[in-house]
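Residue numbers (my numbering): 369 to 812.
Using N, Cα and C, we set each Cβ at its ideal position, and we do this for glycine too.
In what follows, a single structure is set out as structure tokens and then discussed.
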């Protein structure tokens with residue numbers, strides 16, 4: 369695991385959050401003074417010098433739940449207060465945006481360029497605030513200086529990394545985004561996602577693939593030939609590369625909308641893609657497959673819950689009783705963010721998204737478990753279900769009387785009287801009564 373992945377994760381996710389906040393504040397026609405304060409306060413909190421210093425210290429990767437806590441505090445560091453549902457959708461959009469950029473990068477070190485593009489785009493967004501929202505120049509100047517300092521620190525930290533370090537860092541980020549799949553309407557409309565929610569990758573075809581070059585003993589070019597490879601026989605329309613550069617603001621209203629090509633696989637259901645003309649499958653094989661699928665679904669669900677921090681949260685105490693280093697880092701970052709929490713009287717609550725904004729919530733009928741299809745619901749729902757299952761069952765007095773009467777009828781049918789039921793050794797006349805036990809030792 370790379371110890372330098374957290375800064376890139378937070379900076380890229382934070383930049384995506386600023387893109388979305390800027391678009392939603394304008395779409396909901398929030399007064400310009402309040403919208404400007406939200407954007408500048410979030411930027412100043414996210415890139416505050418002490419917070420950035422602790423963030424860039426080598427540390428292990430946070431879990432999704434821990435990272436979500438950081439952005440909960442960042443989003444509420446200004447006068448804007450979001451509902452739980454709005455924060456869920458906001459975080460899902462941020463995660464899917466960065467996941468798309470990471471998956472579509474064609475070089476291991478391209479995440480560095482994506483991060484720089486994010487920082488430059490945020491600087492441009494801040495620079496436009498005096499025109500778009502009548503922001504005070506001093507606010508813009510202080511936010512810009514923080515962004516400039518962060519840009520310099522990113523360059524000095526990652527510019528000299530080796531390819532091996534970039535490979536490790538990239539795999540660490542991939543592990544963070546694994547199994548995160550939410551359908552985003554913008555991505556579906558512009559060909560970034562397929563109809564089943566999967567990110568569409570760029571075409572692997574290249575002018576250099578299949579080229580064989582021969583050199584002489586002195587290193588001079590001697591001959592070139594082209595070989596026919598299976599990878600060259602793919603259908604280019606099944607791949608798509610969005611024209612916007614990775615890291616640019618896809619939510620900008622000034623950006624031209626993209627119409628993707630019609631893909632053949634978009635009209636094929638995954639369940640039909642692997643079917644054949646043979647219909648000789650036996651019933652025993654079908655039942656075994658169904659059982660295996662059910663077991664796999666249960667395993668995936670448990671793994672997902674643990675991944676979200678519901679079943680297996682990261683312990684904050686090490687084996688020797690001391691606080692773990694990761695817990696110390698989280699605690700320190702939380703303290704630094706809490707110092708920037710706004711408690712003024714101008715706070716306003718905002719439902720950031722409408723019912724059909726950005727997130728597609730319909731279930732995918734091909735998924736193993738409908739509850740695993742859309743990860744836009746937070747782990748809080750799972751916790752609520754678990755708490756509900758632990759509540760004691762309570763009956764009214766009438767229900768108790770009815771159940772007792774029903775039990776008496778059942779016992780009479782079994783020729784058992786009250787003394788046998790309650791274990792009494794006496795009948796009503798006071799004489800000893802021999803009664804057989806309900807269960808013998810051999811019955812256990």
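Which residue marks the beginning of the beta strand (DSSP E) containing residue 594, and which one marks its end? As a working mapping, residue 594 is identified with position 226 in the chain shown. Residue 594 -> beta strand (DSSP E) spans 589-594.
If we count Cβ pairs, one from each stretch, closer than 8 Å, do we get three or more for the stretch 381-398 versus the stretch 423-431? no
By Cβ distance, which residues of its chain are closer than 7 Å to residue 590, with the 5 residues on each side in sequence left out? Numbered from its first residue, the chain shown carries residue 590 at position 222. Result list for residue 590: 582, 583 and 584, in chain order.
Close beta carbons around residue 594, own chain, < 8 Å, minus the five adjacent residues each side: Indexing the chain shown from 1 puts residue 594 at position 226. Answer for residue 594: 578, 579 and 580, listed in chain order.
Mind checking who residue 411 pairs with in its DSSP beta bridge? Taking the first residue of the chain shown as 1, we reach residue 411 at position 43. Answer by DSSP bridge pairing: none, since residue 411 is not bridged.
Return the chain-ordered ranges of every beta strand (DSSP E) run that is complete within the stretch 426-494 and spans a minimum of 3 residues. 448-450
If distances are taken between C-alpha atoms only, which option among 490, 473 and 621 comes closest to residue 391? Your numbering for residue 391 matches position 23 in the chain shown. For residue 391, the nearest C-alpha among the options comes from 621.
Suppose the cutoff is 6 Å on Cβ atoms and the five residues either side in sequence are ignored; what does the same chain contact list for residue 370 look like? Sequence index remark: in the chain shown, residue 370 carries index 2 (1-based). Same-chain partners within the cutoff: 536, 537 and 540.
Starting from the C-beta of residue 497, find all residues in its chain whose C-beta is less than 6 Å away, skip the five residues before and the five after it, and write them out in chain order. The sequence position of residue 497 within the chain shown is 129, counting from 1. The answer, listed in chain order, is 404, 503 and 508.
Taking just the CA atoms, how far does residue 489 sit from residue 627? As a first step, residue 627 is located in the chain shown; it is residue number 259 there, counting from the start. As a first step, residue 489 is located in the chain shown; it is residue number 121 there, counting from the start. When rounded, the distance between both Cα atoms is 23 Å.
Residue 522 versus residue 487 - alpha carbon distance: The sequence position of residue 522 within the chain shown is 154, counting from 1. The sequence position of residue 487 within the chain shown is 119, counting from 1. Those two C-alpha atoms are separated by around 10 Å.
What first and last residue would you give for the beta strand (DSSP E) that runs through residue 583? Indexing the chain shown from 1 puts residue 583 at position 215. Per DSSP, residue 583 belongs to the beta strand (DSSP E) from 579-583.
Should residue 463 be labelled buried (16 or more other beta-carbon atoms within 10 Å of its own) or exposed? Counted from its first residue, the chain shown places residue 463 at position 95. Result: buried.
What is the residue span of the alpha helix (DSSP H) that residue 514 lies within? Along the chain shown, one-based indexing puts residue 514 at 146. 505-526 is the extent of the alpha helix (DSSP H) around residue 514.
Whether or not the stretch 439-447 and the stretch 391-401 are in contact is what I'm after, with contact meaning three or more pairs of Cβ atoms, one per stretch, closer than 8 Å; do they touch? no
Could you give the distance in angstroms between the alpha-carbon of residue 434 and the alpha-carbon of residue 378? Reading the chain shown from its first residue, position 66 is the one you call residue 434. Reading the chain shown from its first residue, position 10 is the one you call residue 378. The straight-line gap from Cα to Cα measures roughly 12 Å.
Using 8 Å as the threshold, is the C-beta distance between residue 372 and residue 525 below it? Here the question's residue 372 lines up with position 4 in the chain shown. Here the question's residue 525 lines up with position 157 in the chain shown. Contact flag set, yes.
Mind checking who residue 561 pairs with in its DSSP beta bridge? Within the chain shown, residue 561 is the residue found at index 193, counting from 1. In the DSSP output, where bridge partners are listed per residue, residue 561 has 567.
Can you name, in chain order, every residue of its own chain whose Cβ lies under 7 Å from the Cβ of residue 415, other than the five neighbours on each side? Taking the chain shown and counting its residues from 1, one reaches residue 415 at position 47. Taken in chain order, the residues that qualify are 514, 515 and 518.
Inter-residue Cα distance where the pair is residue 629 and residue 604: Stepping through the chain shown from its first residue, residue 629 is reached at position 261. Stepping through the chain shown from its first residue, residue 604 is reached at position 236. The straight-line gap from Cα to Cα measures roughly 10 Å.
Roughly how far, in whole angstroms, is the beta-carbon of residue 607 from the beta-carbon of residue 568, given that I think they are within contact range, below 8 Å? Locating residue 607 in the chain shown gives position 239, counting from the first residue. Locating residue 568 in the chain shown gives position 200, counting from the first residue. With 8 Å as the limit, residue 607 and residue 568 qualify as a contact, their Cβ atoms being about 7 Å apart.
Cβ-Cβ distance between residue 412 and residue 500 below 8 Å: Here residue 412 is taken as the residue at index 44 of the chain shown, counted from 1. Here residue 500 is taken as the residue at index 132 of the chain shown, counted from 1. No. Outside cutoff.
If residue 531 and residue 599 are in contact, beta carbons under 8 Å, what's the gap, nearest whole angstrom? Mapped onto the chain shown, residue 531 falls at position 163. Mapped onto the chain shown, residue 599 falls at position 231. Their Cβ separation, rounded to whole angstroms, is 23 Å, which puts residue 531 and residue 599 out of contact at 8 Å.
Where residue 479 and residue 546 are concerned, what is the direct C-alpha to C-alpha distance, given to the nearest angstrom? Locating residue 479 in the chain shown gives position 111, counting from the first residue. Locating residue 546 in the chain shown gives position 178, counting from the first residue. Taking the straight line from one Cα to the other gives about 17 Å.
In chain order, what residues of the same chain have a beta carbon less than 8 Å from the beta carbon of residue 572, not counting five sequence neighbours either side? In the chain shown, the residue the question calls residue 572 occupies position 204. Closer than 8 Å at the Cβ level, and outside the excluded window around residue 572, lie 599, 602 and 607.
Identify which residue in 562, 512, 453 and 474 has its Cα closest to the Cα of residue 613. Within the chain shown, residue 613 is the residue found at index 245, counting from 1. The shortest C-alpha separation from residue 613 is found at 474.
Where do the N-terminal and C-terminal ends of the alpha helix (DSSP H) with residue 391 fall, by residue? Indexing the chain shown from 1 puts residue 391 at position 23. Looking at the DSSP string, the run of the alpha helix (DSSP H) that includes residue 391 is 373-395.
Buried or exposed: residue 774, going by 16 or more other Cβ atoms within 10 Å of its Cβ? Within the chain shown, the letter at position 406 stands for residue 774. The residue is exposed, with fewer than 16 neighbouring Cβ atoms inside 10 Å.
Boundaries of the alpha helix (DSSP H) in which residue 498 is found, first to last residue: As a position in the chain shown, residue 498 is number 130, starting the count at 1. Looking at the DSSP string, the run of the alpha helix (DSSP H) that includes residue 498 is 497-500.
How about residue 560 and residue 468: do their beta carbons lie closer than 8 Å? In the chain shown, residue 560 corresponds to position 192, counting from 1. In the chain shown, residue 468 corresponds to position 100, counting from 1. Closer than 8 Å, so yes.
With DSSP as the reference, label residue 404 as helix, strand or coil. As a working note, residue 404 is residue 36 in the chain shown. Three-state result, residue 404: helix.
Beta-carbon contacts of residue 617 that lie in its chain and below 6 Å, excluding the five residues immediately before and after: By one-based count along the chain shown, residue 617 stands at place 249. Excluding sequence neighbours, residue 617 sits near 387 and 489.
On the CB-based measure, 16 or more other CB atoms within 10 Å of its CB, does residue 451 come out buried or exposed? For the purposes of this step, residue 451 is taken as the residue at position 83 of the chain shown. By the 10 Å Cβ count, residue 451 comes out exposed.
From residue 562 to residue 460, what does the alpha carbon distance come to, in whole angstroms? Residue mapping note: residue 562 aligns to position 194 of the chain shown, counting from 1. Residue mapping note: residue 460 aligns to position 92 of the chain shown, counting from 1. Distance between the alpha carbons of residue 562 and residue 460 is about 17 Å.
Since residue 485 and residue 615 should fall inside the 8 Å C-beta cutoff, what is the C-beta to C-beta distance between them, to a whole number of angstroms? Your numbering for residue 485 matches position 117 in the chain shown. Your numbering for residue 615 matches position 247 in the chain shown. Confirmed, about 3 Å.
Enumerate, from N- to C-terminal direction, the unbroken alpha helix (DSSP H) stretches of 4 or more residues contained entirely within the stretch 593-625. none
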